[in-house]
Ligand SMILES: [Zn+2]
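In this note's numbering, the protein residues as written are 391 to 515.
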């Protein structure tokens with residue numbers, strides 16, 4: 391569901407790239423045919439659009455990767471009587487029994503060891 395929010399950005403960046411390609415090609419053709427600087431202005435605009443589109447696309451890819459990563463770390467566990475949430479099964483403090491479990495990421499009280507493992511991509515879900 392969250393991924394849907396990024397579809398418009400995908401479309402915008404793809405449209406930008408398409409406009410950019412057409413602008414560059416058309417600008418070059420115009421330049422060759424008319425021998426005036428107007429064509430190179432269009433080529434320059436096309437290059438800027440291509441950069442912006444590429445930038446947006448890379449942002450989307452980063453966000454989608456992050457979301458995918460969070461989804462694979464399904465469950466958050468907290469041992470009864472403690473406040474710290476664990477989500478890496480290979481965290482040695484992760485409770486094996488007598489715990490409460492939730493699917494969504496808690497806003498606070500996250501285990502620092504689990505965070506570290508996540509940063510190093512060493513977190514077993
Ligand atoms: Zn932990």
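Backbone N, C-alpha and C define an ideal beta-carbon position, used for all residues, glycine too. Just so we're clear, the structure is a prediction, and the values are computed from it rather than from any experiment.
query, result
"From what residue to what residue does the beta strand (DSSP E) around residue 469 run?", "466–469"
"Determine, using beta carbons only, whether residue 468 and residue 474 come nearer to each other than 9 angstroms.", "yes"
"Can you find the residues in the same chain that come closer than 6 angstroms, C-beta to C-beta, to residue 391, ignoring five residues on each side of it along the sequence?", "Bear in mind that the predicted position of residue 391 carries a pLDDT of just 43, short of 50, making it unreliable; the figure below should be weighed with that in mind. Correct list: empty, nothing qualifies."
"Tell me whether residue 484 counts as near ligand 3, meaning its Cβ is closer than 8 angstroms to at least one heavy atom of that ligand.", "This structure does not include ligand 3; its bound ligands are ligand 1."
"CA-CA distance, residue 501 and residue 432?", "53 angstroms"
"Check whether the Cβ atoms of residue 470 and residue 503 sit closer than 9 angstroms, and answer yes or no.", "no"
"What is the rounded straight-line gap between the Cα of residue 440 and the Cα of residue 424?", "24 angstroms"
"Using three-state DSSP, classify residue 400 as helix, strand or coil.", "helix"
"For residue 444, which of 512, 404, 429 and 494 has the nearest alpha-carbon?", "404"
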